[in-house]
RNA sequence: GUGGGCGUAGCUCAGUUGGUUAGAGCGUCAGUUUGUGGUACUGAAGGCCGGGGGUUCGAGACCCCUCGCUCACCCCA
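In our numbering, the protein residues as written are 3 to 419.
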């Protein structure tokens with residue numbers, strides 16, 4: 003074991019996996035920029051109040067934040083998620099609405115790591131601020147859906163719920179509180195603790211002994227106002243119009259307190275572990291106001307990179323690919339020829355690589371093969387003397403040819419085209 | 001934070017009831033006469049057996065502690 007290793011829950015993303023990450027983010031960026039979303043790059047660090055304001059009763063904010071006091075006595079925290087930062091940015095800069103943005107990058111939560119759950123984990127996501135149209139909810143969900151399709155995922159399930167308006171939600175929570183309190187002896191010990199903090203979250207319990215009690219609990223749908231119900235109806239009919247399948251799930255309460263109306267979660271079909279939620283989001287009207295801004299509707303989602311890639315692996319799609327170059331330069335005269343030729347090729351926009359440390363030709367040819375290059379340029383003492391070079395195809399049966407050095411660039415361009 | 005499993009070469013793993021210089025495959029590097037890859041053969045490098053302490057004549061194997069990974073709870077992406 004080396005003396006130093008990555009901190010728990012944090013890891014190095016090495017090639018070729020890192021290239022896959024880049025392609026993932028690029029695919030996401032293309033999907034959402036094509037829908038009019040611009041990128042926001044918020045800081046990793048925020049005043050801790052930004053996060054406190056949005057989730058007083060959640061573990062994410064109360065127990066899992068990486069927070070510290072900086073040299074200027076500011077109490078700051080590494081962001082545990084990006085929605086709060088986006089809303090803070092909205093309040094700070096007051097862009098024209100509707101403000102449609104996307105982001106990608108790492109977030110930090112101090113949790114016990116396990117597969118698909120890391121202390122530093124990457125998410126991509128979108129947020130829209132300043133519009134309440136239920137069809138916007140549908141657009142947002144559809145963009146997430148489209149992205150999964152684009153990756154090639156076939157077994158993603160969309161779970162959908164509505165938490166109604168704040169007042170509906172409050173009455174619902176009160177009813178839950180009353181119900182669970184009346185049945186408290188039937189709850190698991192862990193759920194009793196949860197109940198004391200947040201009755202809503204008891205619905206999330208995965209402990210089998212809680213199943214019966216939860217099944218008999220009040221339903222949020224019994225508490226919807228007319229507006230909440232019609233908003234939700236429009237979301238559902240919009241999804242149906244787009245042929246996006248979904249499952250209504252009244253137990254879907256989400257982890258953060260700021261959600262109103264529509265909430266949804268994307269679940270990987272092949273993942274049966276506890277980390278099967280690959281993405282989720284919802285409407286959070288009121289969050290901007292909590293951060294000191296005007297009343298502003300908002301909706302968005304975040305997708306976990308790791309979990310989505312795990313789902314990709316399980317389905318055998320969006321595979322990791324090795325970095326390849328087009329040309330490999332073999333130089334047995336000491337390396338200066340390779341130095342010059344690779345420079346020329348790169349200036350011409352042709353990807354190429356070479357060996358170092360004057361290895362044997364055989365060794366360099368092996369490296370050429372492994373590099374994925376389609377052609378090798380071979381330069382030995384004969385070629386230097388004759389001002390020529392050997393162009394050897396590596397992926398076809400074609401014979402290698404010896405050509406004058408001044409035809410190097412044109413012949414390679416031709417061979418690659 | 002709570003509980004279970006695991007921790008041997010870069011990677012995947014073997015290591016018999018504790019017994020002498022710790023093994024394999026893959027990978028890496030080098031060779032298989034003359035300047036040429038993918039196959040084959042040969043060889044080499046590479047391990048304080050996660051770390052610390054203990055039991056023992058003797059520990060990779062047993063015990064304790066610790067660190068890390070992993071699974072479940074919890075939480076959530």
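The beta carbon of each residue, even a glycine, is placed where N, CA and C say it ideally should be.
For clarity, every value in this text was computed on a predicted model and none was experimentally measured.
Proximity to residue 46 [Cα-Cα], best of 25, 69 and 36 = 69
query = Going by other Cβ atoms of all chains shown within 10 Å of its Cβ, with 16 needed for buried, is residue 6 buried or exposed?
reply = exposed
query = In this structure, does DSSP put residue 365 in helix, strand or coil?
reply = helix
key: Environment of residue 180 [buried if 16+ CB atoms lie within 10 Å]   = Classification of residue 180: exposed, given that the 10 Å Cβ count is below 16.
query = Looking at C-alpha atoms only, which residue of 409, 401, 193 and 303 is the closest neighbour of residue 389?
reply = 409
request  = Would you identify the three-state DSSP class for residue 97, choosing helix, strand or coil?
outcome  = coil
request  = Please determine, among 143, 44 and 190, the residue with the shortest C-alpha to C-alpha distance to residue 244.
outcome  = It is 143 whose Cα lies nearest to the Cα of residue 244.
inquiry  = Counting C-beta neighbours from all protein chains within 10 Å, is the total for residue 209 16 or more, i.e. buried, or is it exposed?
reply    = exposed
inquiry  = Considering only their Cβ atoms, is the gap separating residue 307 from residue 101 smaller than 8 angstroms?
reply    = no
inquiry  = Which residue marks the beginning of the alpha helix (DSSP H) containing residue 177, and which one marks its end?
reply    = Here the alpha helix (DSSP H) through residue 177 covers 168-184.
request  = Taking residue 131 as the reference, give the member of 296, 346, 400 and 404 with the closest Cα.
outcome  = 296
request  = Give the straight-line distance between the Cα atoms of residue 378 and residue 17, rounded to the nearest whole angstrom.
outcome  = 23 angstroms
key: Burial state of residue 193 (16 or more Cβ within 10 Å)   = Counting Cβ neighbours within 10 Å, residue 193 comes out buried, since at least 16 surround it.
request  = Under 7 angstroms Cβ to Cβ from residue 289, same chain only, skipping five residues before and after it: list those, please.
outcome  = 56, 89, 260 and 300
ask   = Can you pull the DSSP bridge partners for residue 354?
value = Partner residues in the beta bridge of residue 354, as assigned by DSSP, are 329.
inquiry  = Alpha carbons only, please: which of 32, 292 and 190 is nearest the one belonging to residue 215?
reply    = Minimum Cα-Cα distance from residue 215 among the listed residues 32, 292 and 190 corresponds to 190.
inquiry  = Measuring alpha carbon to alpha carbon, tell me which residue in 146, 228 and 331 is nearest residue 393.
reply    = Of the listed residues, the one whose Cα sits closest to residue 393 is 331.
task = Indicate whether residue 81 and residue 87 have their beta-carbon atoms separated by less than 8 angstroms.
result = Residue 81 is a Cβ neighbour of residue 87, given a cutoff of 8 angstroms.
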